[in-house]
Structure formats: structure tokens, C-alpha cells
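Going by the working numbering, the sequence shown opens with residue 481, and the numbers climb by one from there.
Worksheet for the structure shown next.
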Amino acid sequence: MSMLGGSLDIDNTDTRWLLDDLRRRRGIADLGRPYTHKELAGLAMLSHHYLGKLLRGTRPVTQSALQLLGKALGIPPDVQTALLEAERRRATASEYTPPEPTKREISEVEHVPYAAMLVTRGYFDVHYLNVPGRSILPGLMEHKNILKWLALEPAARAVLGNAWLPITTFFVASFHFYLPTVTSDTKRRTIIAALVTMKELDAMWDAPYPGESNVPEAFRLTDIATDASALTAFNCLQWDFPKRELMLISFSPVDQEVPASDR
């Protein structure tokens, strides 16, 4: 069992929490100990007095400050935009529900001849999964969330094989960065409860914000119903924020069959 579940205060996972969490974790990775406020302020070219006030909540998280801290801590621009929007909603106490996929977005996935889906950026609820995806990714529609499927569904490891670890790390590290944008306490709790069942979680949580390059260009995807296996690529496409908050995830075949002896 991961130590994360016992240390994470789910009720206080706002943008300041993420900045302070990354201050500690990046410092431990770089120096063997957390960055001090003064050290992080120096990296971000901010006054350490201002940084202390920002992390204590007595100064607002501005776009310019988040850009400087994001560069120092490895927070990419799309996450910064999402965090600022979440801070705005939190300040106005406005409720927010991500929109459902449009017919046009569904049409881009529906007739794809391989597994493809539309998911919510950040916490990865599955909004639409095409027929090939329902066949090759058993249990995903029941879990309705990629993170919970990867953590709780035994078939996930069998289907993804050696790619399960890097793909799961991709999603967990993304969730770590986007956690302050998840407004539903219930959703945060249910996802964390699933993740802490994985013994690999702490290393995944400490991973830098991932890109597709963290996942192998091709891996063996197995149809557990037939035991057939083929080389497959993991693809992730996201529309510009805040226009849409959906991502298109797909598993497209690579033009080379995997010999049975190599499975």
C-alpha cells in the first residue's frame, strides 16, 4: 500500500497545495531535501517574502506568479491555465461540470477501427468509448474512469503488458498536477482510494509532468479473450483549453504483428 493515501489532505488540494507539494518533491529529487521558500523563490525569480505569503494564502495566485513558478517546478502552460480557471471558480464559489462530448467529437471516435475514447482532462472520466475499445479494454466502461480501471481492474495489466507501468504513470502524474482543478470532493476521494491500492503509486506520483514520450512508441496490446497480441501505439490528443476539456485517447495498431513466441 502506498504511503500517499495517509499523507494526502484531500480537502486542501488547491493550487497552493500543488505548488508546495512540488516544492517539497522536486527539492527532494534535486537536493535530497525540500526546496526552502528562499531557494524556490530564487529559481522562480520571485521575492521569497511574496512566495511565503502566496503559499500561506494571504496573496492571490496570479498568472505571472504561476508562470514563473510553473517554469521552476515543471508545470506546463496548459496546466497553469486550468489551475487559474479553478482558482477563479473557487474564489466565486461557482459550480462547474465539464460539458458532454459534442456529436462532432463523438464522430471522430465512433468509427475509428481501433480502441479510442473521449475522456475528461485531468481526472480521466470516460465520456465515450467506441466498440473496439469496449472489446479490447474489458471493464473500462464499468469503472467509467481510466485511473480507476488501471488501478483496480486486473485485466488492465494483462491487456497493456509491459506498457501498463509507463501508461499508468502518465495518467497518475497528470492527475497529480490537475488535482486542484477537480472540484468534486467525492470524485477526488474515489480516485485516490483506487490509486492507493497500487504499490507503485509513490513513484508514479513523484514523476514529472509527463508527455507521450514517456510511453514506448510501440508496445504489445493483448486481447485477453483470444490471447492475440499486436504492436500498438498510445496516442493522446487534447483540444486547446479552455475551449474544450476533453482528450482523445487511442490505441492504434502499428504495422507489424507480434510473434506468438515473443508474447
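The beta carbon of each residue, even a glycine, is placed where N, CA and C say it ideally should be.
Rounded to the nearest angstrom, how far is the Cβ of Ala636 from that of Leu630, given a contact under 8 Å? 5 Å
Do you know how far the Cα of Leu564 is from the Cα of Thr542? 8 Å
Apart from the five residues just before and just after Thr649, which ones in its own chain have a Cβ nearer than 6 Å to its Cβ? Met684 and Ala687
What's the call for Pro581, buried or exposed, on a 16-neighbour Cβ count within 10 Å? buried
Heavy atom of the ligand PLP less than 8 Å from the Cβ of Tyr689, yes or no? Among the ligands in the structure shown, none appear at all, so the ligand PLP cannot be discussed.
Contact under 9 Å by Cβ, Leu711 with Ser730: no
Start and end of the beta strand (DSSP E) containing Leu701? Phe699 to Asp703
Per DSSP, which residues does Ser527 bridge with? Please list them. In the DSSP output, where bridge partners are listed per residue, Ser527 has none listed.
Best match in Glu567, Glu590 and Val652 for proximity to Ile672 [C-alpha to C-alpha]: Selection Glu567, Glu590 and Val652 evaluated against Ile672 yields Val652 as nearest (Cα-Cα).
Buried/exposed call for Arg506, threshold 16 Cβ in 10 Å: buried
Cα-Cα separation between Asp510 and Arg584, rounded to whole angstroms: 45 Å
Locate the beta strand (DSSP E) running through Ala595, then write down its first and last residues. Ala595 to Thr600
For Glu697, count neighbouring C-beta atoms within 10 Å of its own C-beta (all shown protein chains included) and say buried if the count is 16 or more, exposed if not. Label assigned to Glu697: exposed.
Select from Leu726, Leu659, His517 and Leu681 the residue whose C-alpha is nearest the C-alpha of Ala566. For Ala566, the nearest C-alpha among the options comes from Leu659.
Secondary structure at Pro722, three-state DSSP: helix, strand or coil? Caution is warranted here: a pLDDT of 44 is assigned to Pro722, below 50, making its placement in the model unreliable, and the coordinate value is therefore given only provisionally. Note: Pro722 maps to coil in three-state DSSP.
Secondary structure at Phe604, three-state DSSP: helix, strand or coil? Three-state result, Phe604: coil.
From Phe655 to Tyr603, what distance separates their C-alpha atoms? 6 Å
Lys667 lies in the alpha helix (DSSP H); which residues open and close that run? Where Lys667 is concerned, the enclosing alpha helix (DSSP H) stretches over Asp665 to Leu675.
Thr712 in three-state terms, based on DSSP: If DSSP states are grouped into helix, strand and coil, Thr712 belongs with the strands.
Would the beta-carbon of Ser732 fall within 9 Å of that of Gly641? In this structure, the beta-carbon distance from Ser732 to Gly641 does not fall below 9 Å.
Comparing alpha-carbon positions, which option in Asp494, Gly550, Gly554 and Gly512 lies nearest Arg568? Per the Cα distances, Asp494.
Residues of its chain near Phe721, where Cβ-Cβ distance is below 7 Å and the 5 sequence neighbours each way are ignored: Because the pLDDT at Phe721 is just 44, under 50, the model does not fix this residue reliably, and the value given afterwards should be weighed accordingly. Closer than 7 Å at Cβ, skipping near neighbours: Asp558, Thr561 and Ala562.
Where do the N-terminal and C-terminal ends of the alpha helix (DSSP H) with Ala678 fall, by residue? One point to set straight first is that residue 678 is Met, not Ala, in the sequence displayed. Met678 -> no alpha helix (DSSP H), and no H or E assigned at all.
Residue from Gly619, Ile626, Arg496 and Val695 with nearest C-alpha to Asp703: Gly619
Alpha carbon of Leu498 to alpha carbon of Ala571, nearest angstrom: In this structure, the straight-line span from the alpha carbon of Leu498 to that of Ala571 is close to 17 Å.
From this set, Lys628, Pro634, Val695 and Pro690, which residue's C-alpha is nearest Leu675's C-alpha? Lys628
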